Structures are given as structure tokens and as C-alpha cells.
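Peer 1: Sharing a structure with you now.
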Amino acid sequence: MGSMLLKAPIAWILVAGSLALWVTACGDDNSAPAEIISHSAAIASDNVLIAEVAVALDREGTVYIEYENAQAGKFRTATTEDAAMEHQVPLLRLRPTAKYSYTVVSTNDEGEENRSDSGSFTTGELPPELSTLTIDATGTPSSELVLLDHREIEGSWLFMLDGDGQIVWYYESPNPVEDVPYPTGAIVQKPNYNLVYQLNNPFNICCIREITPTGRIVDNLAAGPVNGFPHRALLLRPDGKILYAAWTYRVIDDTANDGDAETLVEGLALRVWDQETGLSTELWNAFDALGTDHRGGWGTGNIASYPNEVTLQEHTPPIRWSGANSLQIGPRDNIIISIPNFSQVISISPDFQRIEWKLGGPESTFTFEDPADRFYRQHTAQQLPNGNILMFDNGRNRPEEECGHYSRSLELAVNDDDLVARKVWEYRHAPDLYAVNRSSAYRLQNGNTLLNFVTNPRVVVEVAPDGTEVFKANISGPRMQGSFRAYAIDSVMGETRVTD
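Residue numbers (numbering that gives the first Met the number 0): 0 to 499.
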């Protein structure tokens, strides 16, 4: 038949083409949404909170799925990007051991739809690493979801809570070395809903990973002499590249400070990862910008372990001098860095060429009119649109005359005229909580603040500007070993809530 068509007269081909156009103009069914031939749902083999719906159409088309549970609510997926006769559509934001009904919707560019009959599926039980957690939640967060990292006995997990404090998504982060738990650091969600996160701690350094919402690892930046040693902090730049904090090492002559002539020092570098090329580049480092005489602490660190990489001799432990636990792009494209070793926040110019100011710690640009406004071993420093600085003030080594050990969220106004920093807002839990390390505080778009206290139990709380707690979750469990941050997000994979 194919050879006969090739030999057909050109005139016949033109007529056939004209006929096809005439039929289309007169309402060929191909302009309508594709018919749904079949559909079925199954729970993913590696995740009990992901359902996969297989759809077959009578011709190429796009689809989306509506799915609901009486307690959780009704949702719809994003429409599939590509037209095809067969689709595999993942459903996310599901509660455990819950029955859901779903409907497949075939659609076209004009917004017309064909709807299938209803199907159903039931999710499974959470793995013991999560099912043993006790989550006591009250109130409702202003975001659709709260993303949390979770360190337990054997490794690290990411999970999300919905507005009722129910786990509706999770991911087990594979350990690079068997039987060695690797905690997660900062997490950022890309516009395509992939998550980029760091996997490391002061003793086990690994990498930066990117995963899809369904848990597939799609990119990895390994720690080592080429890329530095990523540690805790990263962010997504507007150009799509990843800016991250890394440890770098230099040998210095420290005899002027009664040290050794050859002292190995661990210091902060900022690097950018271009995922299109796979390369990373150093943009800034504390050795050149600050100098090692700028000290807030000068103690020997522990030997770090790097998978498949021998980088430090065990008989030469480094001085743990400077490191960052958070990065932020400020209102003027300046870079805000939290350096807990110094109990200091610094601002770097957008071109990374100069330090604009230092807040707290040694050689602070600003003074504190009230000593109680000082902060200690802080995390997640951010410059707000009004220029104020918001942070989680851990309060580690806070002097007794400043009320000693307690943690809070602290907002400081920094005045360029008199160079004085003044507290304009704070949130202290009642009774006081003391998170000796890690933890987070983020200002949300509605003016509320989301905090994560790394205490036992872990306390995740969203507070209004007047200090009212609008959402709170106390999280505890026999396997829980700690956490890092809490993040407000609106969708796992582009799904949206349907309100009829």
C-alpha cells in the first residue's frame, strides 16, 4: 500500500489534501477531545503515597486526573505536557491508608473535555521510620503544605504535612555509604517542582542532589577538590544556577597568633553550579574577603569523611574557622550570608567584590543599643524587602545577663544613618525553647513567620505578626535524631486543590 501511495499522481494527492481540509472544517471528530478507552490505578512499588494512573486514548491527546478523599479533599493534576495515546500520570499529595476515587479527563486546546467513569485506589501504611512519629498538630498553616527534613537512626527522609498535619508525601534519601546516616541540609524547590538538597553533616560530606517529586535522582554534584565540599546552604538563582556554600582548605602561617607555622584551616567559599555544563565555579571565599584574623572561634574541627575521596590526612585535623548555614539573595541582589562561627550576618555586593556590611560578631558595622538584641549562632538570616534582617537566633552561648539560653525568631532594623541595630519584632515560644543548633525561621508572603525548633519534641510553628500561633506541630518519635528546617510550599508536583 505504501508503494502505491508513493506512485499516486500529484493531482490526486492535492485533491485528497483538499478533501481532508474540507472534512476538518466541517467538524471532523479529531478536533474533539480524545475518547478514553481505559484507565487503571496502582500504588507505586517504592512509595505507598504515590498512585500511578495508566490511561489509554483512542488517539493522541492530553489528560489530567481529578482525585479526592472525603477527609483530605479534592485535587487535580496538571495537564500532561505532551499529547499521546497512552499516559502514566502520577498522583501525589495522598494520605496513608486512605481510599481515593479518581476521574480521568481528556481535554483539547479549546478546553473541551471528555470524562471517564470513576476509579479508585487505596494507599498503604507509612514505613516504620515515619509511622512511629507522633505528630500533634493544631491550627492550619497558611501554605498548602509544609516541607520538612527528618533525620532518623539509619538515615534521612523528606516529608510533607498537609493542613491537618498529615504526612502526604515522603522520600527516603539513599545513604552514599551503607550503614552511615547522612543528614540533609538546605532544600529548594525548582519551578518544575524538583527538589534540590544537600546531603551532609560535619563528619560525612556527600553532595548536592536533585530529585523529581516521584523520587528519581536526576542530578548530583559530588563533593571533592573540584567542587569544594558543599555544606548546609544553597539557593536557586534567577538564572537557574545553584549557588551553594562549600568548605575549602588552606594552610596558613599562624605564628603571629601563637599558632603553628603550617596550620590547616577550613573556611567558607561560595560556588555556583551550572547544571547545563555540569561545572561549578568559585565566586567568593572568606580567606580572601575576610582574612583569618577575623575570628569568632578558632577550634580544631573533626576529620570529615568524603565518599571515595581521601582529602584530609587523619593526623592533620583542620581549624574549623568559617562556614555558612544559610544564603539569601537580598532586595538589591546582594548576598546575605549567615556565619554561625562568628555569630555574624554579612552582606556581599551583587558582583561578589566587596563586603557591604557585617551585623553582629567581630568588627560589626552596627552596634546594638540594647544588648538583649544581640544574637548567637544564628540560622536562616534573610533581608526583608524593607531592609530589616530576620533570622532564627539559636542563643547558643548567650550570656546570662542577656537571659541565657533560649531560642527565638528575631527581626532587626538596621539603620544606615546611626549604624545601630534595633529589635523590631521577635517570637519566643511559651515556655522558652532552646535549640542549640540548626533550626529555621522564614517570613511568608502573608507576613506570618514559619519556624522550626530543633528540640525534642521538634516544634514547627507558624505565627502571625502579633505572635498568635496559627499552626503548630509537635513531632516526636523513638527513631528521631533531629532536623534542619521547615518550608512553606503550595504543591508537590503541580497538583491543585479543587473547590466546587
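C-beta atoms are modelled at their ideal positions from N, C-alpha and C, and glycine is treated no differently. Everything numeric in this text was worked out from a predicted model, so none of it was measured.
Going by CA-CA distance only, name the one from F74, F470, H378 and S30 that's closest to L160.
Peer 2: Position 161 of the sequence shown holds residue 160. Ranking the options by Cα distance to L160, first place goes to F470.
Peer 1: Have a look at A185, A371 and T131 and flag the residue whose alpha-carbon is nearest the alpha-carbon of P514.
Peer 2: Because the chain here runs from 0 to 499, residue 514 falls outside it and cannot be looked at.
Peer 1: Mark N284 as exposed unless 16 or more other C-beta atoms lie within 10 angstroms of its C-beta, in which case mark it buried.
Peer 2: Sequence index remark: in the sequence shown, residue 284 carries index 285 (1-based). Its Cβ being crowded by 16 or more others within 10 Å, N284 is buried.
Peer 1: In chain order, what residues of the same chain have a beta carbon less than 6 Å from the beta carbon of H314, not counting five sequence neighbours either side?
Peer 2: Residue numbering aside, residue 314 sits at position 315 when the sequence shown is read from its first letter. Low local confidence applies: a pLDDT of 46 at H314 is under 50, so the model's placement there is unreliable, and no value is given.
Peer 1: Is it a yes or a no for the region 86-101 touching the region 60-73, going by three-plus beta-carbon pairs under 8 Å?
Peer 2: Yes, the region 86-101 touches the region 60-73.
Peer 1: Spatial neighbours of T280 within its chain, please: C-beta separation below 6 Å, excluding the five flanking residues on both sides.
Peer 2: Sequence index remark: in the sequence shown, residue 280 carries index 281 (1-based). The answer, listed in chain order, is V271.
Peer 1: In chain order, what residues of the same chain lie with their CB nearer than 8 Å to the CB of R294, ignoring the 5 residues before and after it?
Peer 2: Mapped onto the sequence shown, residue 294 falls at position 295. So the qualifying residues of the chain are W320, F341 and P361.
Peer 1: What does a CB cutoff of less than 6 Å around A41 pick up in its chain, not counting 5 residues either side in sequence?
Peer 2: What you label residue 41 is simply residue 42 of the sequence shown in a count that begins at 1. Once the five neighbours on either side are set aside, the close Cβ partners of A41 are E51.
Peer 1: Just the C-alpha distance for G26 and T495, rounded to the nearest angstrom, thanks.
Peer 2: Counting from one through the sequence shown, the residue named residue 26 turns up at place 27. Counting from one through the sequence shown, the residue named residue 495 turns up at place 496. Its pLDDT being 46, under 50, G26 is placed unreliably in this model, and the value from its coordinates should be taken loosely. Rounded to the nearest angstrom, the two C-alpha atoms are 33 Å apart.
Peer 1: Counting pairs of beta carbons, one from the region 454-465 and one from the region 388-404, are three or more of them closer than 8 Å?
Peer 2: Too few Cβ pairs lie closer than 8 Å, so no.
Peer 1: Do you know how far the Cα of N226 is from the Cα of T276?
Peer 2: Numbered from its first residue, the sequence shown carries residue 276 at position 277. Numbered from its first residue, the sequence shown carries residue 226 at position 227. Between T276 and N226, the C-alpha separation is close to 13 Å.
Peer 1: So the candidates are A55, R208, W168 and Y99; which of them puts its Cα closest to the Cα of I186?
Peer 2: In the sequence shown, counting from the first residue as 1, residue 186 sits at position 187. For the residues A55, R208, W168 and Y99, the minimum Cα distance to I186 belongs to R208.
Peer 1: If you reduce the DSSP assignment to three classes, tell me which class A136 lands in.
Peer 2: As a first step, residue 136 must be located in the sequence shown, where it is residue number 137. A136: strand per DSSP, three-state reduction.
Peer 1: Pick from E400, E401, L418 and A440: whose alpha carbon is nearest that of L409?
Peer 2: Along the sequence shown, one-based indexing puts residue 409 at 410. When each option's Cα is compared against that of L409, the closest is A440.
Peer 1: Determine, using beta carbons only, whether I64 and Y101 come nearer to each other than 8 Å.
Peer 2: The residue labelled residue 64 in the question sits at position 65 within the sequence shown. The residue labelled residue 101 in the question sits at position 102 within the sequence shown. Their beta carbons are under 8 Å apart, which means I64 touches Y101 by this criterion.
Peer 1: Output the boundary residues of the beta strand (DSSP E) element that contains F158.
Peer 2: For the purposes of this step, residue 158 is identified with residue 159 of the sequence shown, where counting begins at 1. It spans G154 to L160 - the beta strand (DSSP E) in which F158 sits, taken as one unbroken run.
Peer 1: Report yes or no: do three or more beta-carbon pairs, one from the region 443-452 and one from the region 140-153, lie closer than 8 Å?
Peer 2: They touch, by the three-pair rule.
Peer 1: Identify the continuous alpha helix (DSSP H) that holds D287 and give its terminal residues.
Peer 2: Within the sequence shown, the letter at position 288 stands for residue 287. Counting along the chain, the alpha helix (DSSP H) containing D287 begins and ends at A285 to A288.
Peer 1: Given that a residue counts as buried once 16 or more other Cβ atoms are within 10 Å of its Cβ, and exposed if not, what is R437?
Peer 2: The count along the sequence shown starts at 1 and reaches residue 437 at position 438. Buried: at least 16 other Cβ atoms inside 10 Å.
Peer 1: What does I36 pair with, by DSSP beta-bridge criteria?
Peer 2: For the purposes of this step, residue 36 is taken as residue 37 along the sequence shown, with counting starting at 1. Answer is none; I36 lacks a bridge partner.
Peer 1: What's the gap between the Cα of P32 and the Cα of G110?
Peer 2: As a working mapping, residue 32 is identified with position 33 in the sequence shown. As a working mapping, residue 110 is identified with position 111 in the sequence shown. Taking the straight line joining both Cα atoms gives about 9 Å.
Peer 1: Label S39 either buried or exposed according to how many other C-beta atoms from any shown protein chain fall within 10 Å of its C-beta, with 16 as the threshold for buried.
Peer 2: As a first step, residue 39 must be located in the sequence shown, where it is residue number 40. The residue is exposed, with fewer than 16 neighbouring Cβ atoms inside 10 Å.
Peer 1: Identify every residue that forms a DSSP beta bridge with V52.
Peer 2: Taking the first residue of the sequence shown as 1, we reach residue 52 at position 53. Paired residue(s): A40 and V88.
Peer 1: So, using beta-carbon positions, are G184 and H230 closer together than 8 Å?
Peer 2: Indexing the sequence shown from 1 puts residue 184 at position 185. Indexing the sequence shown from 1 puts residue 230 at position 231. Going by C-beta atoms, G184 is nearer than 8 Å to H230.
Peer 1: Are the region 359-373 and the region 413-425 touching, with three or more C-beta to C-beta distances below 8 Å?
Peer 2: Output reads yes: the region 413-425 touches the region 359-373.
Peer 1: So for T516, helix, strand or coil by DSSP?
Peer 2: Residue numbering for the chain in the displayed model covers 0 to 499; residue 516 lies beyond these limits and cannot be assessed.
Peer 1: If you draw a straight line from the C-alpha of T79 to the C-alpha of T61, how long is it?
Peer 2: As a working note, residue 79 is residue 80 in the sequence shown. As a working note, residue 61 is residue 62 in the sequence shown. When rounded, the distance between both Cα atoms is 6 Å.
Peer 1: Taking 8 Å as the cut-off, decide whether the C-beta atoms of V423 and G386 are in contact.
Peer 2: Numbered from 1 along the sequence shown, position 424 holds the residue referred to as residue 423. Numbered from 1 along the sequence shown, position 387 holds the residue referred to as residue 386. No, they are not a contact pair.
Peer 1: Give the secondary structure of A255 by DSSP, where H, G and I count as helix, E and B as strand, and everything else as coil.
Peer 2: Residue 255 sits at position 256 when you count from the first residue of the sequence shown. Correct three-state label for A255: helix.
Peer 1: Considering G151, what are the terminal residues of the alpha helix (DSSP H) in which it resides?
Peer 2: Counting from 1 along the sequence shown, the entry for residue 151 is found at position 152. Looking at the sequence shown, residue 151 is not Gly but Glu. Premise fails: E151 lies in the beta strand (DSSP E), L144 to E151, not in any alpha helix (DSSP H).
Peer 1: Leaving out five residues before and five after V460 in sequence, what residues of the same chain have Cβ atoms less than 6 Å from its Cβ?
Peer 2: Against the sequence shown, residue 460 aligns to sequence position 461. Cβ within range, chain order: L450, E468 and K471.
Peer 1: When you compare the CB positions of I318 and V264, do they come within less than 8 Å of one another, or not?
Peer 2: Translated into the one-based positions of the sequence shown, residue 318 becomes position 319. Translated into the one-based positions of the sequence shown, residue 264 becomes position 265. In this structure, V264 lies closer than 8 Å to I318 by Cβ.
Peer 1: For the candidate residues N324, L443 and S406, whose alpha-carbon lies nearest to that of D431?
Peer 2: In the sequence shown, residue 431 corresponds to position 432, counting from 1. D431 has its Cα closest to that of S406, out of N324, L443 and S406.
Peer 1: Sort L269, L278, Q327 and F374 by Cα distance to D287 and report the nearest one.
Peer 2: Numbered from its first residue, the sequence shown carries residue 287 at position 288. Answer by Cα proximity: L269.
Peer 1: Can you round the beta-carbon distance between Q87 and A53 to whole angstroms, since I take them to be within the 8 Å contact cut?
Peer 2: Within the sequence shown, numbered from 1, the residue matching residue 87 stands at position 88. Within the sequence shown, numbered from 1, the residue matching residue 53 stands at position 54. Indeed, because the Cβ distance is near 6 Å, the residues count as touching under 8 Å.
Peer 1: Give me, in chain order, the residues of the same chain whose beta-carbon lies closer than 8 Å to that of D81; leave out the 5 immediate sequence neighbours on both sides.
Peer 2: Here the question's residue 81 lines up with position 82 in the sequence shown. Correct list, in chain order: T61.
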